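Peer 1: 187 is the number that the numbering used here gives to position 147 of the sequence shown; each next residue is one higher, with no gaps.
For glycine and all other residues, C-beta sits at the position ideal for the given N, C-alpha and C.
This structure is a prediction, so every number in the text was calculated from the model and none was measured.
Supplied in C-alpha cells, the structure appears directly below.
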Amino acid sequence: MALTTELESVNQMLGHIGEAPVNSLADTAALPISASTALTVLREVSKEVQTEEWHFNTVTDYEPVKEDTGKLRLPDETLFVDSVDTDMDVVQRGYYLYNRKDRTDVFSETFKVDLTVQLTWDELPEVARRYVTLRASRIFQGRIVGSTELQSLIAVDEMQARARLLELDAQSSDRTIFDSEDVYRRIGVQRNLNIY
C-alpha cells in the first residue's frame, strides 16, 4: 500500500464538503479557492500536530553549529528545542539558542540538545498523514460549510486516527511508564533519563 500523498489528502478534504477533486497541486495559483484553502489548512494542521513532539520528528543529542559570532545555529525546520543537560536553561530564539540564565545568545562551547523538527509531507509516516488529514478535514469543513453533523462524523474518525498515532508512536519509541521522571521520583530513584 502506497503512502497517502498531499494531493490525495487535499482531495479527501474536498470530498468531505462535496467538492470535485483536483488533479495537481503543482500550480497553487491555478487551484480553485476551496482546494487552495484545503491545502493551506492541511499544511497548518501538519505543523501544529508536529509541535507535539512525536518520536518520528524528534532528533536526540543534536549538536548545534557554532558560528564565528559564538551563536549556536539550529536547523531551519526546528520547532522546539530542549537541552540534554538539565542544568542548562536554553530556549529557541529564531534560528539560534538563547541562554536564559546568562541572558545571552553567545556561547563559549557547543553542547547537545534534543530537537522537535517539522517534517515535509513526504517524510511523515502514514499514521501521522491519516491523523493530519482527518483533523484538517474537520477544521476545513468547519470553516467552509460549518455542518455540525459532518463535523461530528469526521471527529469520530479523527479521534480513532489520533489513538492509532499515539499507540504506534509509543510503540516505535519503546517508552514505558517507567521512562517517566515523575515515576522515578515517586518510587525514590534518582536518575538522568532520556525518554526519547
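1. In terms of alpha-carbon separation, which member of Asn63, Pro61 and Ser74 lies closest to Gln181?
2. Report the three-state DSSP secondary structure of Gln132 (helix, strand or coil).
3. To the nearest angstrom, report how far apart Thr156 and Thr98 are at their CA atoms.
4. Using the Cα positions of Val62 and Leu174, report the straight-line distance between them to the nearest angstrom.
5. To the nearest angstrom, how far is the alpha carbon of Asp142 from that of Val131?
6. What residue ranges within the region 108-163 form continuous beta strand (DSSP E) runs of no fewer than 3 residues, ordered along the chain?
7. Is Ser212 buried or exposed, if buried means 16 or more other CB atoms sit within 10 Å of its CB?
8. What are the uninterrupted segments assigned as alpha helix (DSSP H) that are 4 or more residues long and contained completely in the region 174-203, given in chain order?
9. Looking at C-beta atoms only, is the number of pairs between the region 98-114 and the region 79-86 that lie closer than 8 Å three or more?
10. So Val89 is in the beta strand (DSSP E); what residue range does that whole segment cover?
11. Tell me whether Asp101 sits in a helix, a strand or coil according to DSSP, three-state version.
12. Output yes or no for whether 8 Å exceeds the beta carbon distance between Leu47 and Ala78.
13. For Ala60 and Asp197, what's the separation of their Cα atoms in angstroms?
14. Inspect the CB distances between the region 188-195 and the region 148-166 and report whether three or more fall short of 8 Å.
15. Expressed to the nearest angstrom, what Euclidean distance is found between the alpha-carbon atoms of Ser123 and Leu208?
16. Is the beta carbon of Leu119 sitting closer than 8 Å to the one on Ala168?
17. Assuming Lys152 and Glu103 are in contact, meaning their beta carbons sit under 8 Å apart, how far apart are those beta carbons, in whole angstroms?
Peer 2: Reading from the atomic positions:
1. Ser74
2. strand
3. 5 Å
4. 18 Å
5. 12 Å
6. 118-123, 130-133, 136-139 and 153-157
7. exposed
8. none
9. no
10. No beta strand (DSSP E) holds Val89; the alpha helix (DSSP H) holding it covers Ile73 to Gln90.
11. strand
12. no
13. 22 Å
14. no
15. 26 Å
16. no
17. 5 Å
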